[in-house]
Amino acid sequence: MMKHSIAVLPGDGIGNEVVPAALEVLHTLADLHGGVKFETTSFPWNCDYYLEHGKMMPDDGLSILKDFEAIFLGAIGDPSKVPDHVSLWGLLIKIRREFEQVINVRPAKLMQGIQSPLTSPKDFDLIVVRENSEGEYSEIGGRIFRGDDEIAIQNNIFSRRGVERAMRYAFQLAQKRRNHVTSATKSNGIVYTMPFWDEVFQQVKTEYPDVQTSSYHIDALAAFFVQRPQVFDVIVASNLFGDILTDIGAAIMGSIGVAPAANINLNGKYPSMFEPVHGSAPDICGRGIANPIGQIWTLKMMLDHLGLDELGSVLLDAIEGVTNDGIKTPDVGGKASTQEVVEGIIARLRNMV
Ligand code: NAD
Ligand code: IPM
Ligand code: MN
């Protein structure tokens with residue numbers, strides 16, 4: 001029997017609805033498979049924890065998490081309780097950074113049975129490789145008063161090592177797919193970091209002569225995502241550009257509620273972390289209607305990462321079977337509850353595994 005130890009952080013808002021939903025699916029998969037077991041340990045670290053303890057996780061939180069094989073996270077953030085930059089830097093971004101989860105992998109594809117808002121969507125299937133450790137997300141900067149004005153300064157950090165790493169990951173991923181990498185740049189307006197980004201892209205691409213490339217400014221690329229998503233295979237983007245592009249990717253799939261993601265640690269020193277693209281959705285929390293597909297597809301990415309690819313692909317088939325049957329939450333035009341979608345997926349799995 002193969003055992004896998006998973007740390008579970010449901011977090012805030014709908015994280016507490018979609019994570020238990022996904023765990024039901026995970027344990028069903030284990031029962032049906034018979035040869036694999038998931039030992040899940042849940043931690044209540046979120047904005048309520050902060051209100052009680054003055055921090056998002058205990059001081060030894062990272063050393064507790066370090067020994068797990070993977071981290072499965074819902075969403076962090078409840079601005080009605082804790083300012084977002086405090087809660088996110090105190091937990092989510094802290095884990096990404098301290099555990100060197102330097103790559104954020106975010107697929108988007110046309111889903112069976114889910115209506116894209118595009119009028120005639122082609123069959124797109126793309127993956128954004130988002131640099132996840134530096135870029136526009138930095139703690140370097142400050143606020144100063146100058147005369148009667150106030151100035152906020154935020155520095156961007158682009159290291160050669162960090163940029164090369166993200167780009168090589170994108171090229172190697174493309175080699176397993178359709179051999180095309182698109183770079184998201186903005187070197188027309190941003191004069192130091194983005195020309196550097198372009199230069200590194202030109203260098204790294206020579207290491208992968210079999211892979212075709214293109215490069216677009218992020219503003220045009222955002223438009224192309226909407227107009228012709230089918231032309232893209234792998235897109236490599238900085239931290240902020242990747243963040244924005246992947247909400248667009250989610251939107252063209254039909255809802256941010258279906259989009260999955262994986263924060264990958266490449267050096268094997270720390271666990272990787274699996275969390276969907278969406279946030280805690282305070283506007284729909286508590287109504288039992290959150291779409292669990294983003295979290296369950298994220299589970300598939302975790303299974304793939306653990307070497308359980310077969311279970312992962314069965315799971316994605318089950319998800320699409322259920323959406324194809326019309327068992328869908330309101331964000332994608334259905335009437336089903338979170339639980340009904342989960343039950344649909346579990347029923348399908350019972351017939352498949
Ligand atoms: P959000 O993703 O939480 O919500 C945006 C919109 O999408 C809302 O209308 C919401 O109802 C809808 N939505 C999101 N997930 C859904 C789902 N599974 N099913 C159905 N509808 C869904 O983004 P936001 O409103 O900008 O952020 C809310 C909070 O979440 C903030 O505190 C933000 O910082 C945080 N956040 C956290 C993460 C994370 O932990 N990974 C990601 C994004 C935002
Ligand atoms: C995401 C989120 C986070 C990010 C926020 C909540 C800090 O939007 O994972 O996409 O920007 O990385
Ligand atoms: Mn985001």
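Quick note on numbering: UniProt numbering labels position 303 of the sequence shown as 303, and the sequence is numbered without any gaps. From the three backbone atoms N, C-alpha and C, an ideal C-beta is built for every residue, glycine too.
| Item | Value |
| --- | --- |
| I'd like to check one pair, Asp-123 with Gln-230: are the Cβ atoms closer than 8 Å? | yes |
| Throw me the rounded Cβ distance for the Ile-14 and Ile-284 pair, which I believe falls under 8 Å. | 7 Å |
| How about Ser-183: is its C-beta nearer than 8 Å to some C-beta of chain D? | Among the chains in the structure shown there is no chain D, since it carries only a single protein chain. |
| Is the segment 31-38 in contact with the segment 236-256, if contact means three or more CB pairs nearer than 8 Å? | no |
| Kindly indicate which residue of Glu-134, Arg-143, Gly-142 and Ile-144 has the alpha-carbon position closest to the one of Lys-157. | The sequence given here has Ile at residue 157, not Lys. Of Glu-134, Arg-143, Gly-142 and Ile-144, the residue nearest in Cα terms is Glu-134. |
| Is Asp-12 close to ligand 3? I mean its beta-carbon at under 7 Å from any heavy atom of the ligand. | no |
| Which residue marks the beginning of the alpha helix (DSSP H) containing Gly-344, and which one marks its end? | 338-352 |
| Would you say Val-341 and Thr-329 are within 8 Å of each other, going by their C-beta atoms? | yes |
| Looking only at C-alpha atoms, which of Ala-318, Ser-337, Thr-193 and Asn-324 sits nearest to Leu-29? | Ala-318 |
| Three or more C-beta pairs under 8 Å: does that hold for the segment 243-253 against the segment 266-280? | yes |
| Report whether the distance from the Cβ of residue 357 to the nearest heavy atom of ligand 3 is below 7 Å. | The structure shown does not extend to residue 357, since the chain is modelled only from 1 through 353, so no value can be given for it. |
| Would you check if the distance between the CB atom of Ile-235 and the CB atom of Ala-166 is smaller than 8 Å? | no |
| So, for Asn-336: in the same chain, excluding its five sequence neighbours on each side, which residues have a beta-carbon less than 7 Å away from its beta-carbon? | For clarity, residue 336 is Ala in the given sequence; the question names Asn instead. Answer for Ala-336: Ile-327, Lys-328 and Thr-329, listed in chain order. |
| Please tell me whether Ile-252 and Leu-51 are closer than 8 Å, where the distance is taken between their beta carbons. | no |
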